[in-house]
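Each residue of the sequence shown is one higher than the last, beginning at 307 in the numbering used here. Here a beta-carbon is modelled for each residue, glycine too, at the ideal position from N, C-alpha and C. Accompanying notes for the structure given below.
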Amino acid sequence: MKPGRVECKNIALAYGSGKSATQVLKDISLSIEPGEFFALLGPSGSGKSTLLRLIAGFNFAQAGQITVDGSDITRVPPWQRNIGMVFQNYALWPHMTVEKNVAFGLEERKLPRAEITRKVQDVLALVGLADFAKRRPNQLSGGQQQRVALARTLAVEPKLLLLDEPLSNLDAKLRVQMRQELKSLQRRLGITTIFVTHDQEEALTTCDRIAVMDQGVIQQIGTPIELFDAPANRFVANFVGTINFIEGEIEHARDGVTFVSMLLGRVSLPASVSTQVVAGASLAVRPHTISINTDVISPDRQRHTIDVAGTILEREFLGEFVRYRLSAKGCELIVDHSHQPESEIFATGQNVTLGIAENALRLVS
Ligand SMILES: Nc1ncnc2c1ncn2[C@@H]1O[C@H](COP(=O)(O)OP(=O)(O)OP(=O)(O)O)[C@@H](O)[C@H]1O
Ligand SMILES: [Mg+2]
């Protein structure tokens with residue numbers, strides 16, 4: 307049964323009608339490859355769950371089409387779609403044991419008893435819960451409950467696995483562990499998976515490709531690296547990681563060289579960047595690509611397009627790095643300075659030198 311190619315074409319959905327209608331999904335088109343681990347990433351209210359519920363069939367779009375492996379499911383009810391969904395709160399039956407919870411969907415399908423028993427055992431082994439079959443949900447940790455919810459969904463062998471913020475009830479450490487387990491399980495099964503999250507780190511670390519959503523619109527679709535290194539617009543640049551925008555005037559010189567005059571100085575843009583210059587684009591730089599030191603002139607000055615004096619306004623210690631907010635020539639910048647046991651930590655009010663290398667500059671429209 308493997309494949310599981312999902313195609314959404316020009317999906318639109320509004321809640322309410324007339325003047326009070328709110329458009330929640332606007333012209334959503336995307337295509338997900340068989341076996342892909344695909345994320346819908348966006349802030350709260352951006353329409354992620356709404357889109358997932360349309361794919362599951364719990365809700366219907368007012369315009370557009372959804373197909374799975376070429377067949378139109380836009381109007382097909384959920385029980386005829388062969389799609390498994392794991393909800394944020396797991397929705398386990400509290401009065402049933404783990405094995406009963408997992409068997410539930412199989413019993414609904416009236417499979418022979420022996421087959422149900424075998425499938426339940428297999429899928430519990432798959433998620434590492436073979437020894438927990440007789441427990442009830444309230445005798446399990448959050449991570450174990452999450453695995454029961456996953457086992458219950460996988461037991462019916464769906465063509466698509468839909469996960470709505472499945473890890474958000476777990477504490478930070480367990481979340482990291484579970485997202486790795488989820489990824490390796492998904493790889494082993496090769497099941498097309500759509501994963502909803504508002505956590506960019508979760509999406510970047512777990513998924514093959516990500517659709518970034520804001521206000522019901524897909525802002526960009528790409529691999530984690532594409533989104534991070536070549537964000538399509540300001541929203542994506544800011545939502546996937548942190549970025550500094552540097553205001554400036556862009557000038558095209560005769561010989562094809564493009565200059566930017568900004569408060570920090572006037573720089574020529576590398577050819578790779580200047581080809582992307584469009585009206586309204588701004589120069590941007592990631593916090594970890596700016597160097598910071600106390601020398602008057604930074605030692606690797608030759609490598610830097612921009613070298614400016616700055617003052618530390620604020621700092622946050624984050625373990626692996628220290629995040630500084632600085633002011634430099636009237637600009638405010640965020641700089642992430644990698645932290646080693648012997649590395650210097652700068653104080654609020656301290657004067658420092660910042661270096662930005664040419665190849666760290668990005669243009670974002
Ligand atoms: N039944 C409903 N009636 C009216 N508006 C709704 C309904 N369900 C959702 N909305 C609105 O639709 C928008 C998108 O909601 P949705 O649940 O898809 O967001 P989300 O991206 O999943 O957010 P979160 O990260 O908070 O779960 C929100 O503004 C929400 O208020
Ligand atoms: Mg949601």
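Return the CA-CA distance between residue i and residue j, expressed in angstroms with no decimal places.
i: E620; j: Y630; result: 6 Å
i: D470; j: V614; result: 46 Å
i: G616; j: P593; result: 14 Å
i: T373; j: V641; result: 45 Å
i: Q525; j: F364; result: 25 Å
i: K332; j: G353; result: 10 Å
i: N475; j: M307; result: 32 Å
i: H643; j: L570; result: 20 Å
i: Q521; j: A455; result: 29 Å
i: V518; j: R387; result: 25 Å
i: G625; j: L466; result: 39 Å
i: V259; j: A439; result: There is simply no residue 259 to check, as the chain begins at 307 and stops at 671 in what is shown.
i: A536; j: I516; result: 13 Å
i: W500; j: P472; result: A small fix is needed here, since residue 500 is Ile in this sequence, not Trp. The alpha-carbon atoms of I500 and P472 are separated by roughly 11 Å.
i: E342; j: G636; result: 46 Å
i: H645; j: E532; result: 27 Å
i: R458; j: L495; result: 15 Å
i: Q329; j: V628; result: 41 Å
i: G411; j: Q452; result: 17 Å
i: G541; j: A587; result: According to the sequence as given, residue 541 is Phe; it is not Gly. Approximately 13 Å between the Cα atoms of the pair.
i: A663; j: L589; result: 13 Å
i: G324; j: V523; result: 21 Å
i: T446; j: Q492; result: For clarity, residue 446 is Leu in the given sequence; the question names Thr instead. C-alpha separation (whole angstroms): 23 Å.
i: S326; j: R572; result: 49 Å
Can you tell me whether DSSP reads residue i as helix, strand or coil?
i: L660; result: strand
i: I531; result: helix
i: G324; result: helix
i: S355; result: helix
i: A420; result: helix
i: S644; result: strand
i: M519; result: strand
i: T564; result: strand
i: F652; result: coil
i: K315; result: strand
i: A666; result: helix
i: N599; result: strand
i: R540; result: helix
i: A478; result: helix
Here's the rule: buried if 16 or more other CB atoms are within 10 angstroms of the residue's CB, otherwise exposed. What is residue i?
i: F344; result: buried
i: K425; result: buried
i: I612; result: buried
i: N407; result: buried
i: S649; result: exposed
i: K416; result: exposed
i: G376; result: exposed
i: G310; result: buried
i: I651; result: exposed
i: Q368; result: exposed
i: E557; result: exposed
i: V563; result: exposed
i: F366; result: exposed
i: Q506; result: buried
i: F545; result: buried
Review point. With contact counted as at least three CB pairs below 8 Å, one residue from each stretch, are the segment 502-515 and the segment 484-492 in contact?
Key: Yes, the segment 502-515 is in contact with the segment 484-492.
Exercise for review: Could you name each continuous beta strand (DSSP E) segment of 3 residues or more that falls completely within the segment 422-471, going from the start of the chain to the end?
Suggested key: 466-470
Practice item. Return the chain-ordered ranges of every beta strand (DSSP E) run that is complete within the segment 330-413 and spans a minimum of 3 residues. Key: 343-347, 369-374 and 389-392
Point to revise | Three-pair Cβ contact test at 8 Å for the segment 659-671 versus the segment 538-555 | key: yes
Check your understanding: At a cut of 8 Å, does the segment 371-386 reach the segment 427-435 through at least three beta carbon pairs?
Key -> no
Review point. For the segment 481-522, which segments carrying the alpha helix (DSSP H) assignment without a break, of at least 4 residues, lie completely within its bounds, in sequence order?
Key: 506-512
Exercise for review: Could you name the residues whose beta carbon sits closer than 5 Å to any heavy atom belonging to ligand 3, keeping them in chain order?
Suggested key: You won't find ligand 3 in this model; what it holds is ligand 1 and ligand 2.
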